[in-house]
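A quick write-up on the structure given underneath.
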Amino acid sequence: MRRRIAVIGGGPGGLTFARVLHRHGHPVTVLERDPAPDARPPGGTLDLHENLGQLALGKAGLLAEFQALARPEGQAMRILDPDGTVLRDWRPGPDDRANPEIDRGQLRDLLLGPLDVRWGRAVTAVAPGTRDGVLVRFADGRQETFDLVVGADGAWSRVRPAVSSATPHYTGVTLVETSLDDVDTRHPGLARLIGDGAVAVYGVNRALVAQRNSGGHVKVYAQFRAPLDWHTGLDLADAEVVRSRLLALFDGWSAPVLDLLRHGTAFAHRPLHVLPVSHTWAHVPGVTLLGDAAHLMPPLGAGANLAMLEGAELAESVAAAPGSRDLDEAVRAFEEQMWARAGSWAEITAAGLERLVSPDPTQALALFDEVQPS
Ligand SMILES: Cc1cc2nc3c(=O)[nH]c(=O)nc-3n(C[C@H](O)[C@H](O)[C@H](O)COP(=O)(O)OP(=O)(O)OC[C@H]3O[C@@H](n4cnc5c(N)ncnc54)[C@H](O)[C@@H]3O)c2cc1C
22 MRRRIAVIGG
32 GPGGLTFARV
42 LHRHGHPVTV
52 LERDPAPDAR
62 PPGGTLDLHE
72 NLGQLALGKA
82 GLLAEFQALA
92 RPEGQAMRIL
102 DPDGTVLRDW
112 RPGPDDRANP
122 EIDRGQLRDL
132 LLGPLDVRWG
142 RAVTAVAPGT
152 RDGVLVRFAD
162 GRQETFDLVV
172 GADGAWSRVR
182 PAVSSATPHY
192 TGVTLVETSL
202 DDVDTRHPGL
212 ARLIGDGAVA
222 VYGVNRALVA
232 QRNSGGHVKV
242 YAQFRAPLDW
252 HTGLDLADAE
262 VVRSRLLALF
272 DGWSAPVLDL
282 LRHGTAFAHR
292 PLHVLPVSHT
302 WAHVPGVTLL
312 GDAAHLMPPL
322 GAGANLAMLE
332 GAELAESVAA
342 APGSRDLDEA
352 VRAFEEQMWA
362 RAGSWAEITA
372 AGLERLVSPD
382 PTQALALFDE
392 VQPS
């Protein structure tokens, strides 16, 4: 009998899982809440590490296609003082392929390839242990059963409650995201400031980071320590209101740096939440989690990488398991491996966030020198 395998969520983790299973000839059902691939903006660029995200793409047979799309020059990083002084100006060597950047939309399309995703299928709950397997309930009232359900449905996972009572908590750091379009033509001064990769400016308990995506698109991230309700009385949908609050928050910073906010278009509010470091659970037959659903951590360049490698590894283990008992053992072994690796990344990224948005901005520079010493 064919196994009925479903993955909930068509993000980097879920799609990598499905793509690797597909490569091994196993059918898999991908259930995604968004009504279509382009239903919402895909988000900023991702750097994929050689030993994580790129390894996963290798397992999916997509490394060459990734390399054709990726931007190794996007690894460049410039650090400024709030007064505009350049403190570091790091550029990758000509053959440096350690962490090249790719737009999320490009990565999604690459992973989608031949996959048959069921769009517009929002899952509300998952109930393991029914007579016919794991029951998945949908927002439209439908329900369906599977032998294995993989929760790759991100930070606010609806699958997670089937295995764990953990919920994300606020880190104390909020991120407000804005964008610049066509930066080389419309804002050549800012294009030079940002360079080929990213520019970061660190002040007391706040930071401003601008990162180039492909096609002259730039994402700007204002990050600051604040209570979760910092915006009480502020209309977050009103770009001008948010802009002036941010300009007040970064008051005194150099004019070119503040131009990143002055020219930004819409503003998206993203308070940073995390799951407890080393989040684990008692194994539940038929259900597992991967990616942000399992180990939401601060966005310091690891989350998508881990989600993808986990997706690839779980798919390989599932494909190699002949019987249902082997399948359960494969999932158990996968969970142990995921918890160990993600636990150490959760510690690294939690400590990193403390230093990047810190009362002592020299901590951010010191962290950069530790990870990028040359
Ligand atoms: C500003 C920022 C920058 C980042 N930069 C990087 C980086 O450079 N490198 C890196 O590795 N990571 C980065 N990250 C982290 C990265 O975005 C996440 O860790 C990664 O997207 C997690 O992948 P995932 O597949 O687990 O979940 P997600 O990407 O969150 O995907 C989950 C999917 O599930 C769907 N879904 C949700 N709920 C349901 C439901 N109920 N039913 C059906 N479908 C559902 C969603 O629509 C979505 O498509 C960054 C994060 C942020 C916020």
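Quick note, the sequence shown lines up with residues 22 to 395 if you use my numbering.
Glycine residues also receive a C-beta, built at the ideal position from the N, C-alpha and C atoms.
With a 10 Å radius around its C-beta and 16 neighbouring C-beta atoms as the bar for buried, classify residue i as buried or exposed.
i      : result
Gly46  : exposed
Asp153 : exposed
His300 : buried
Arg92  : buried
Asn72  : exposed
Ala341 : exposed
Trp177 : exposed
Thr37  : buried
Ala228 : buried
Arg346 : exposed
Leu249 : exposed
His304 : exposed
Gly400 : This structure cannot settle anything about residue 400, because the visible part of the chain is limited to 22 through 395.
Ala361 : exposed
Gln244 : buried
Arg213 : exposed
Ala231 : buried
Arg233 : buried
Arg179 : buried
Going by DSSP, what residue range makes up the beta strand (DSSP E) through residue i?
i      : result
Val308 : 308–310
Pro209 : Element bounds for Pro209: not the beta strand (DSSP E) but the alpha helix (DSSP H), 209–215.
Pro292 : 289–295
Glu198 : 190–201
Leu169 : 169–172
Ala325 : From DSSP, Ala325 is part of no beta strand (DSSP E) but of the alpha helix (DSSP H) over 324–341.
Where does the unbroken alpha helix (DSSP H) through residue i begin, and where does it stop?
i      : result
Glu391 : 383–392
Ala351 : 345–377
Pro149 : Note, Pro149: premise wrong, no alpha helix (DSSP H); beta strand (DSSP E) at 144–151.
Val41  : 33–44
His316 : 313–316
I'd like to confirm the pairing. Which residues does DSSP put opposite residue i in its beta bridges?
i      : result
Leu257 : The partner list for Leu257 (beta bridge, DSSP) is empty, contrary to what the question assumes.
Glu122 : Asp68, Arg92
Trp177 : Paired residues: none, contrary to the question.
Thr166 : Leu156
Val241 : Thr199, Ala231
Asp110 : Arg99
Val278 : Per DSSP, none; premise fails for Val278.
Val138 : Val51
Ala219 : Met98, Gln232
Arg246 : Val194
Gly79  : Bridge partners of Gly79: none, in fact.
Ala27  : Thr50, Val170
Val305 : Val308
Gly224 : Arg227
Taking C-beta to C-beta, are residue i and residue j nearer than 9 Å?
i      : j      : result
Leu282 : Thr206 : no
Ala328 : Ser338 : no
Leu317 : His294 : yes
Leu42  : Val157 : no
Leu311 : Ala173 : yes
Arg54  : Arg142 : yes
Arg181 : Ala314 : yes
Ala385 : Val378 : yes
Pro121 : Gln88  : yes
His238 : Asp280 : no
Ala187 : Pro149 : no
Ala398 : Arg112 : In the structure as shown, the chain starts at 22 and stops at 395, and residue 398 therefore has no counterpart that could be examined.
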